[in-house]
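Remarks on the structure that follows.
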Amino acid sequence: MFATLQESENGEKLYMGNSATSEIKGQGKVVLKMTSGKELTLNNVLYVPDIRKNLVSGSLLNKHGFRIVFESDKVVVSKNGMYVGRGYVSDGLFKLNVMAIKPKMNKINPSIYLLESPYLWHGRLGHVNYDTIRRLINLQNIPTFQIDKSHKCEKCVEAKQTRSSFKTIERNTEPLDLIHTDVCDLKGVQTRGGNKYFITFIDDSTRYCSVYLLKSKNEAIDKFIIYKSEVENQLSKKIKALRSDRGGEYESPFAELCAQHGIRHETTAPYSPQQNGIAERKNRTLKEIANL
Numbered sequence: 606m607f608a609t610l611q612e613s614e615n616g617e618k619l620y621m622g623n624s625a626t627s628e629i630k631g632q633g634k635v636v637l638k639m640t641s642g643k644e645l646t647l648n649n650v651l652y653v654p655d656i657r658k659n660l661v662s663g664s665l666l667n668k669h670g671f672r673i674v675f676e677s678d679k680v681v682v683s684k685n686g687m688y689v690g691r692g693y694v695s696d697g698l699f700k701l702n703v704m705a706i707k708p709k710m711n712k713i714n715p716s717i718y719l720l721e722s723p724y725l726w727h728g729r730l731g732h733v734n735y736d737t738i739r740r741l742i743n744l745q746n747i748p749t750f751q752i753d754k755s756h757k758c759e760k761c762v763e764a765k766q767t768r769s770s771f772k773t774i775e776r777n778t779e780p781l782d783l784i785h786t787d788v789c790d791l792k793g794v795q796t797r798g799g800n801k802y803f804i805t806f807i808d809d810s811t812r813y814c815s816v817y818l819l820k821s822k823n824e825a826i827d828k829f830i831i832y833k834s835e836v837e838n839q840l841s842k843k844i845k846a847l848r849s850d851r852g853g854e855y856e857s858p859f860a861e862l863c864a865q866h867g868i869r870h871e872t873t874a875p876y877s878p879q880q881n882g883i884a885e886r887k888n889r890t891l892k893e894i895a896n897l
């Protein structure tokens, strides 16, 4: 695990929060190979064999220019606006996703890091069932895993919980009669191209979804023009209505463009995201897939 290690013989102690002490056996440099392909170099890392988990100080990462964002059960690490890696909660700790490590200088169990698993792919593929995961394994499209069907995905359990139903809205039968749209924030993590947001356009009839990346929300109108030109040309039809929330990106000149082309612009009532639920749910699913 250590790229370099200078052994310590001066008997230095590390003091724990419970007043216990452990002897520091050395200090060196550790290079973590993230599953994103990026490398995270940690200098002046203490080698303490008595500590059975490999711990990284979030405050020290912040001190050295890294940005750490905690969201629900996930942590995202970035630097200078560029994505580095992520981790997930396990046993009360956030575990970074790193490539498999073969420890040579110690016997610390590297399994504290999240590696590839069927549950990770379950989320990456939009929370598909495990029978689908097994078929993909048989087709050699994803790595081979042992699947424990008794494992419960917390997000799937939450999604199946019920609440009072909303009034059923009749679905349009013709393509382009109604398009749902929503802009979603990538929570400060930029793509390689410097994009911070994405916008979706979903046909109410076919449920076909188009996704465009945005560097700023002001680009929403430009992406809609591209989308409008493409689908109207391919289907030889005109968009009749567009449904969005009341975000600033959908105000003038977006509303003016709709008016110029005879497109009815429907906006949701305040605090009523269910009125544009198709776009809201799609964006949530896309974020879960992208974040894995």
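Taken in order, the sequence shown gives residues 606 to 897; the numbers are from the working numbering.
Backbone N, C-alpha and C define an ideal beta-carbon position, used for all residues, glycine too.
{"Query": "Enclosing alpha helix (DSSP H) for alanine 860 [first to last residue]", "Result": "859-865"}
{"Query": "CB of proline 780 within 7 Å of CB of threonine 749, strictly", "Result": "no"}
{"Query": "Straight-line gap, arginine 886 to leucine 647 (C-alpha atoms, nearest Å)", "Result": "39 Å"}
{"Query": "Cβ pair count under 8 Å reaching 3, the stretch 799-807 against the stretch 663-681", "Result": "no"}
{"Query": "Segment contact, 8 Å Cβ cut-off, at least three pairs: the stretch 636-644 with the stretch 609-620", "Result": "no"}
{"Query": "Helix, strand or coil at histidine 669 [DSSP, three-state]", "Result": "coil"}
{"Query": "Straight-line gap, isoleucine 752 to glutamine 865 (C-alpha atoms, nearest Å)", "Result": "55 Å"}
{"Query": "Host beta strand (DSSP E) of valine 636 (start-end)", "Result": "631-638"}
{"Query": "Reduced DSSP category for threonine 646 - H, G, I as helix; E, B as strand; rest coil", "Result": "strand"}
{"Query": "C-alpha distance - valine 694 paired with lysine 658, whole-angstrom precision", "Result": "14 Å"}
{"Query": "Alpha carbon of arginine 740 to alpha carbon of serine 849, nearest angstrom", "Result": "37 Å"}
{"Query": "The alpha helix (DSSP H) enclosing glutamate 835, as first and last residue numbers", "Result": "825-840"}
{"Query": "Pairwise C-alpha distance: alanine 884 and valine 653", "Result": "50 Å"}
{"Query": "Minimum C-alpha distance to glycine 628 - residue among Tyr832, Ile656, Met606 and Val635", "Result": "Glycine is not the amino acid found at residue 628; the sequence shown has glutamate there. The shortest Cα separation from glutamate 628 among Tyr832, Ile656, Met606 and Val635 belongs to Ile656."}
{"Query": "Status (buried if at least 16 other CB within 10 Å, exposed otherwise) for threonine 626", "Result": "exposed"}
{"Query": "Status (buried if at least 16 other CB within 10 Å, exposed otherwise) for lysine 635", "Result": "One detail in the question is off: residue 635 reads as valine in this sequence, not lysine. Buried, because 16 or more other Cβ atoms sit within 10 Å of the Cβ of valine 635."}
{"Query": "Top-ranked residue by Cα proximity to arginine 869, from Cys789, Phe859, Lys845 and Arg851", "Result": "Lys845"}
{"Query": "Separation of valine 733 from leucine 783, as counted between CA atoms", "Result": "28 Å"}
{"Query": "Cβ neighbour criterion (16 or more within 10 Å) applied to tyrosine 855", "Result": "buried"}
{"Query": "Whole-number beta carbon distance between leucine 791 and isoleucine 804, since they are thought to touch under 8 Å", "Result": "Their Cβ separation, rounded to whole angstroms, is 12 Å, which puts isoleucine 804 and leucine 791 out of contact at 8 Å."}
{"Query": "Given serine 755 as reference, the closest of Phe829, Tyr735 and Met687 once Cα atoms are compared", "Result": "Tyr735"}
{"Query": "Cβ neighbours of serine 821 in the same chain (closer than 8 Å, five flanking residues each side left out)", "Result": "Lys801 and Tyr802"}
{"Query": "Nonlocal neighbours in the same chain, by C-beta distance under 7 Å from serine 716, ignoring five residues either side", "Result": "Residue confidence for serine 716 is low, a pLDDT of 34 falling below 50, so the modelled location carries little weight; the figure read from the coordinates is stated next. Cβ neighbours of serine 716 beyond the five flanking positions: none."}
{"Query": "Whole-angstrom distance between asparagine 823 and glutamate 759, CA atom to CA atom", "Result": "35 Å"}
{"Query": "Start-to-end residues for the beta strand (DSSP E) that takes in leucine 819", "Result": "814-819"}
{"Query": "Simplified DSSP state of isoleucine 738, which is helix, strand or coil", "Result": "helix"}
{"Query": "Serine 841 Cβ short of 6 Å to the ligand MG heavy atom set", "Result": "The ligand MG is not among the ligands present in this structure, which contains no ligands whatsoever."}
{"Query": "Glutamine 632 versus glutamine 611 - alpha carbon distance", "Result": "5 Å"}
{"Query": "For arginine 851 and threonine 872, believed in contact at Cβ under 8 Å, the rounded distance", "Result": "5 Å"}
{"Query": "Contact check, lysine 833 vs tyrosine 817, beta carbons under 7 Å", "Result": "no"}
{"Query": "Lysine 843 versus Gly867, Ala825 and Phe859, residue with shortest Cα-Cα distance", "Result": "Gly867"}
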